[in-house]
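Following: one structure in structure tokens, then a few remarks.
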Amino acid sequence: MPSKFSNIENLLVTTRDRFLVKESISGNSSAFSTLMYLYKKRVEGIAKRFFTNQSDIDDFVQEVFIKVYKSLETYKGQSKFSTWLTRIAFNTGINFKTRTKETESLLTEDTEMLSSSDDSPEEKVIKNITQAAIKTAISELPEKYSRCVEMHFFLDMSYEDISETTGIPVNTIKTHIFNAKKILYEKLKEYKYDK
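Heads up: the sequence shown at position 98 corresponds to 114 in our numbering, and the numbers run straight through without jumps.
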């Protein structure tokens with residue numbers, strides 16, 4: 017259950033974002049620059065699910081913010097700005113992936129995120145093999161499952177945010193993630209690693 021402080025923080029963020037959107041629509045370029053600054057890392061995080069090349073990531077971020085700017089007047093404040101922005105970014109990525117028929121997995125976690133400097137060479141190899149297995153397992157999930165898994169576990173989105181982004185009911189998302197976890201557990205049993 018959210019704490020009173022997290023509710024207050026959410027209210028402050030929502031109020032700030034709505035003000036910045038209103039100012040941006042009125043032609044205040046520094047207000048839109050502030051929105052870009054606040055949400056650039058989120059958009060880059062989404063970009064890294066689709067691209068590995070830094071110039072592609074940069075182009076994607078620029079394209080998303082252009083779309084966001086052109087669509088600001090359609091933002092009615094019924095969902096959080098971050099959710100609305102994520103929907104635009106994710107749909108842009110899906111459309112680009114479909115358009116270019118890329119076969120690369122959406123999951124492109126850097127190896128460094130799994131490995132620590134304290135790991136022995138053997139442990140690093142094991143973790144790299146495990147990471148590759150996870151990428152493969154997620155890429156083999158039905159798309160409706162993999163999309164929810166990536167948003168929940170790799171973009172740290174709540175069920176509610178995923179629902180607002182995809183239009184899928186919260187209970188369906190919970191079912192998709194539950195089913196995906198069962199499938200992944202079966203596929204990855206042999207890679208279980210205990211240090």
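Cβ atoms here follow ideal geometry from the backbone N, Cα and C, with glycine treated the same way. Predicted, not measured: the structure shown is a model, and the values here were computed from it.
Host alpha helix (DSSP H) of residue i (start-end)
i           : result
residue 187 : 186-204
residue 159 : 159-165
residue 172 : Element bounds for residue 172: n/a, residue is neither H nor E.
Contact under 9 Å by Cβ, residue i with residue j
i           : j           : result
residue 48  : residue 101 : no
residue 93  : residue 34  : yes
residue 65  : residue 170 : yes
residue 152 : residue 164 : no
residue 63  : residue 77  : yes
residue 108 : residue 177 : no
residue 204 : residue 148 : no
residue 175 : residue 154 : no
residue 52  : residue 106 : no
DSSP state of residue i mapped onto helix, strand, coil
i           : result
residue 42  : coil
residue 66  : coil
residue 92  : coil
residue 98  : helix
residue 87  : helix
residue 136 : coil
residue 109 : helix
residue 156 : coil
residue 183 : coil
Distance between beta carbons of residue j and residue i, contact taken as under 8 Å
i          : j           : result
residue 95 : residue 159 : So it is not a contact: roughly 23 Å between Cβ atoms.
residue 97 : residue 37  : 6 Å
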